[in-house]
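Have a look at the structure below, then the notes.
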Amino acid sequence: MAAVTLKGLTKKFGEAAAVDRLDLDIGDGEFVSLLGPSGCGKTTTLRLLAGFLQPDGGEIRVDQKVVSSASVLIPPERRNMSMIFQSYAVWPHMTVFQNVAYGLKLKKLPGGEIAKKVERMLRLVRLEALAVRYPGELSGGQQQRVALARALVVEPQILLLDEPLSNLDANLREEMRFEIRRLHEEFRITTVYVTHDQAEAMVTSDRIAVMHQGRIVQLGAPEEIFDRPRTRFVAEFIGKTNILRGKLENGRSVALGDGLKLQVVAADNLAPGKEVFVCLRPHSVRLTPSAEEAEAGRAKGMNLFDGVVQRRVYFGDANDYIVELPAQRLNLRVVAPPTQRYEAGQKIFALADPQQCVLVGEE
Amino acid sequence: MKHLVAIVLVALAALSTSSSHAQDAAMVEAARKEGKVVWYTSLAIPSSTALAHYFMSKYKGIEVIVNRNGSQRVLQIVMSEAGASIKNVDVIHTSDAGHFVLLKGKGLLAQYSPKAAEVFPAGFKDPAGYFYGMRATLSAIAYNPRVINEKDAPKTWKDVLDPKWRGKEVTAHPGYSGIIMTHVLALVKQYGWEYFQELAKNKLHIVQSANDPAQVVASGERPLGVNGAEYFYYKTMKQGNPIKIVYPKEGVPLVVSPTAIAKDAPHPNAARLFTEFILSKENQQILADKEGLYTGHPEVTYPKDKPMLKDLKLWPVDAEELEKRNAELKKRFTEFFGA
Amino acid sequence: MSIPGTRVAEWVAEARGLGFKRFDPTLPVWIAAALFVIFLMLLPLGAIFTTSAYTEKGLSLGNYVEVFTDPAYLKAIWNSLIISFWVGVIAVAVGSLLGWLVTRTDLPFKRAVRALVMASFVTPPFLGAFAWMLLAGPNAGLLNNWYRSAFGSETALVNIFTIEGLIFVMALYSFPYVFSMIANVCELISSDLEDAANILGANKWKIALTITLPLTAPALIGGFIVAFLHSLSLFGAPAILGLPAGIHTITTQIWAFFQYPPRLDLAAAFSVPLLIATVGLIALQKKLLGRRGYSTVGGKGGQKRLLKLGYLRWPAFLLVAAILSLSVFLPYGILLKAALSKAWAMPLTADNFTLGNFSFTFFEYSDTRNAIVNTFKLGILTATAGTLLATLLAYITNRQLLRGARYLSFFVLAPLVIPGIVLAVGLFIAYTRPPIVLYGTIWIMFVAFLTKEMPIGFSQTESTFKTIHPELEDATRIIGANRLRALKDVTVPLARSGLIAAWSFIFIGVIRELSASILLFTPSSKVVSVVIFDLKEEGQIGAIAVLGILLLAVSFLIILSVQWLAGREFFAGSRG
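Protein chains in written order, with this note's numbering: chain G, 1 to 363; chain V, 364 to 702; chain D, 703 to 1278.
If you want it as structure tokens, here you go:
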């Protein structure tokens, strides 16, 4: 277990900075995800952590000790870390047992102890029956579990995972997400997890660092990231969202134009008159055809829109609607339970809690 | 007696040249119509290309296609082509007299008596008129004077057996060269196979052609050649390379290299013209002056720095014996020397 | 051949089986191509087997008995085995070291190294042997002279006319095969496999030993087999360096059987075990490398990270440069010197300088002029016909046009399994007597070259076609073009660079071929390699050097043109 600090970390490829003065503090035993689209620098950051790349600026400390900087580079084999790769990287010429035992052999542990540890770990990942098989005979999911076992058996200070589930099919991915979280709670190893899949990040992490163009744009617990995105980018990257544009009238009200006003979550340090964006999640909007319900909602302080259903798409577990708000020439995307069926052309009312209307930065 | 006959023949030849001029012109005309003559020869490349040039400059319009290879290879190709009914060759010339006994026996040669050969001695003519000695040379010993002192140099055939020459000698191969085939037969008749058995102990460098030792000796790669074509040693020496030739007093193998016309020659007239040319006094003199060769022509004169044939003890070999023992000579030589 | 009626019935059945409702008119083309190739391969092999099994007494094993009880012949076999074994070992050691350095480390000047390895590949081994004869003859060899004058010694540093010398030279021109095999495999190994070991605690040497080496093991064994077989079939180098020392190999012995009086029956009997051994080893090699599992196990997304050599960077480069100077710089240098000197062993002073060798070779000696013409004629003819045939055949096997298309590729690739000289023995027997007499013309050489070089053209066209999606042709055919049209209008233009590469591989293979030419030539059909061999037997060093330089110059010119035209680098990472 160890705490990791990244300070001002910079890595350039040519002129472009893949990682740009990045700061991050990871607590001992914490699970942090680096989440972002491809090219945002998350994998580069991970490889800098592992020691495969040397920073151009800034530093990485593990428990206060500098392991990477422009002038210092402790090689990967001496960092006491483990890594799991997108391609699994299990060695095809060794059996499952030999794969998992490799790191322990390097530590020169006695054979009996190695066997015990390996068997225990294989049981933990439920592969004990396959110990003498070769990776070529295993499925993708099984290979990834071998990689997990291999990484954990050496009891590393820090565990690094580079999009480990990208090559698995959807069902397996879900299962493995929980597995990874479960193992984390069992061993409590400081973990850094790189992914572009926000569902993975949400399920597994204590905190998520959303990255964009080499920088962290928001760092926080999953709920915080989802409910209170700080920028437009974060809002759009994490889950579906509606972005409404308007002028801030005072601390709590945004004029969307054509007379419609939106009550929003308080925004303290923004001056009135400023142009702002409001993030409103499709799940947070309630649709009703009944005018009484609509009035009742408004009385309680909800934002009310009236509009017409433009399109309905049925997903089985939800209905995805586009509602046109003619007064504002806006289209609102709404996700409703499968039982709420409204047809195209139907007049409808949309209610949104101000607490779900969040001001976000331009970014 | 031999000389008297020769003089008489020369006189006759001189007398008959005038009447044969008309005949000559007809042959030249016919040869020109054929346009080329294909010559399979074992005469060294520089010499054979030079000879071809002399012919072509004298008889414009008739191309000489020179195909040069070791005597044994020439025979192999002639036999292979004959077996496949390929009619390509006009004139055949190697240094293995045994070949011509064989070819005559198989009916592959044309009978033709060139006027030029009328003056040749018996040893240079097939009595039945199928082949004639175009040139003669010796197999001699040669050494590099920059590496070996004259007083240390071998003087006799047996001298090269001395173990002090181990790793310093080069030999050519009877499996390739007619000259060497003749050499081996001559020495086997003199000293038996024990000679070569002994010689092999000196770990010789083996080359194929009788002309190759000249280059090996001159470069110093192996400074002593235990056999080799004397004419080529001589030529190489005249070009300024460090070579000295030894003509052992106890005897020197004489190699007479016959020439013949193929029975199914595609260009018979050109073949005859070419044969006349190479056996003519004019050309034979060129062979003696420029190529270091001996000839059968009695009127040819030789360079002063070469011994005359009559001053050497010669070991000629019988063509029939060469033919009969061809396979045996090759096999046993290979046995002793490895390849 | 079967009755025409059944043939047509088969065709129709075939056509139906392929889902065609009507008879595909282009089918005869494919069938003709396939039959031609099968005939090409089977005839010489059949000739060898039948000739070896017949003596004067009819069908018997007498020839085999004669060949395998004679100690001289057995020694030749033993020599070949020893030489090929060591060549294989050295070629693997050198080829894999270079392959690994070039693909997985930060060795400097990689492009130059690859180019020089290719130069070694293009150099005909007999030419290399000839150059090394000039360099390392114990008494006149240049290197030995330098050694003697530098150290005042009496003896030579090296004697090239030994089995060790022969192994050395043959290994120098065999290692490029192993290099390219190892380089290809190394490129496919994802860095992740090494990184995973790295982070678990392995340093770069441990990684190389426990991860990289085992993963490349099948390729190493495969490379050994290729180098072994390649050296087994060489003729020129053993003839030039072995015969002077009395060393016979299988190939030189077969050649000796052709001396007058020729013993074709013994030559055939001698060839059969060589053939069987080759087939067995190739099968083994395919099995080993067929296990693609090694490189493709795992998910997508592997990276390639170069290993930093650190302080060993420049020493490694010097080592590589030293190896390449042995195969390229020194031999090419001495060839140039010999071409320009009157006496090759003497220093190149103004006195010794001459252009006479060039004028002799190109203008005075008719043999060389004819040989150059023949070589180019044959090169262009074979390369063009070979590429055409290889294209048709690759199309058949790739698009499964005929039932049993898989077996067809076996026939096409079969000649890889036949040493050149053995092929020549078969062709000689088959085509020297009626009904088909090709001997004495360049056509027998054409057949030999076509048979021998087509596999390399085929493997090139085959891998090229794999990259072109069949749907592109299907789109053309839906509009109404037949298969041949689609092939001509769509596939061939797309495959352009692969086809050009195939053409040039075949061309270069033809112009440097010796082991088959040496048995099949006649004076009117000589080629440059044979003339070089002839000249060597005459000691005409200058002329040989000139011809050798000509061969090399043409080969390099072709390769550079191909690279410029097709925009691809040979031995660059991805093949095909």
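For each residue, glycine too, the CB sits at the ideal point set by N, CA and C. Just so we're clear, the structure is a prediction, and the values are computed from it rather than from any experiment.
- Counting along the chain, no alpha helix (DSSP H) covers P946/D, and no H or E run does either.
- In the three-state reduction of the DSSP assignment, N905/D falls in the coil class.
- For the pair V96/G and A149/G, the Cα-to-Cα distance works out to about 10 Å.
- Shown here, N1184/D sits in coil according to DSSP, grouped into three states, outside any helix or strand.
- By the Cβ rule, the segment 224 to 242 of chain G does not count as touching the segment 70 to 85 of chain G, because fewer than three pairs are nearer than 8 Å.
- M544/V: member of the alpha helix (DSSP H) spanning 541 to 554, first to last residue.
- A1085/D places its beta carbon 8 Å or farther from that of V887/D.
- Contacts between D894/D and chain G, judged by CB atoms closer than 7 Å, involve F85, S87, A89 in chain order.
- Within chain D, the residues D897, N900, I901 have their CB atoms less than 8 Å from the CB of P76/G, given in chain order.
- Contiguous beta strand (DSSP E) elements confined to the segment 461 to 513 of chain V occur at 494 to 501, 504 to 506, taking only those with 3 or more residues.
- Just so you know, the alpha carbons of D20/G and T44/G end up roughly 11 Å apart.
- Non-local beta-carbon contacts of S1227/D in its own chain, meaning distances under 8 Å to residues more than five positions away in sequence, involve N1076, G1142, T1143, I1144, I1146, M1147 in chain order.
- Between the segment 1235 to 1244 of chain D and the segment 401 to 414 of chain V, the count of Cβ pairs shorter than 8 Å is three or higher; the stretches touch.
- S434/V and T457/V have their C-alpha atoms spaced approximately 5 Å apart.
- A contact is defined here as three or more CB-CB pairs under 8 Å, and the segment 28 to 40 of chain G meets this definition with respect to the segment 206 to 220 of chain G.
- The criterion of a C-beta distance shorter than 8 Å is satisfied by S582/V and A842/D.
- For H568/V, the closest Cβ of chain D is nearer than 8 Å.
- W1046/D: not part of any alpha helix (DSSP H); DSSP gives it neither H nor E.
- For the pair V533/V and G588/V, the CB atoms are nearer than the 8 Å cut-off.
- A residue is called buried when at least 16 other Cβ atoms come within 10 angstroms of its Cβ; V313/G does not meet this threshold and is exposed.
- For L35/G, the enclosing beta strand (DSSP E) has its first and last residue at 31 to 35.
- By the Cβ criterion, the segment 1205 to 1222 of chain D is in contact with the segment 1118 to 1125 of chain D, since at least three pairs of Cβ atoms, one from each stretch, lie closer than 8 Å.
- Contact between the segment 124 to 142 of chain G and the segment 64 to 78 of chain G is absent, with fewer than three C-beta pairs closer than 8 Å.
- CA-to-CA, the gap between A814/D and F1031/D works out to about 13 Å.
- In the structure shown, M1156/D falls within a helical segment according to DSSP collapsed to helix, strand and coil.
- Counting every other CB atom within 10 Å of its CB across the protein chains shown gives R207/G a total of 16 or more, marking it as buried.
- Interface with chain V (8 Å Cβ-Cβ cutoff): N841/D is included.
- Excluding residues up to 5 positions away in sequence, T912, I913 lie with their Cβ nearer than 8 Å to the Cβ of A904/D in the same chain.
- The three-state secondary structure of M671/V, taken from DSSP, is coil.
- Interface with chain V (8 Å Cβ-Cβ cutoff): Q1242/D is included.
- Taking the C-beta atoms as reference points, Y594/V is found no nearer than 8 Å to G496/V.
- According to the DSSP assignment, H630/V belongs to no beta strand (DSSP E), since it is labelled neither H nor E.
- Beta-bridge partners assigned by DSSP to G297/G: none are found.
- Here the alpha carbon of K12/G sits roughly 32 Å from the alpha carbon of A817/D.
- Bounds of the alpha helix (DSSP H) holding W834/D are 827 to 838.
- One finds nothing in chain D with a Cβ atom closer than 9 Å to the Cβ of Q560/V; even the nearest lies about 14 Å away.
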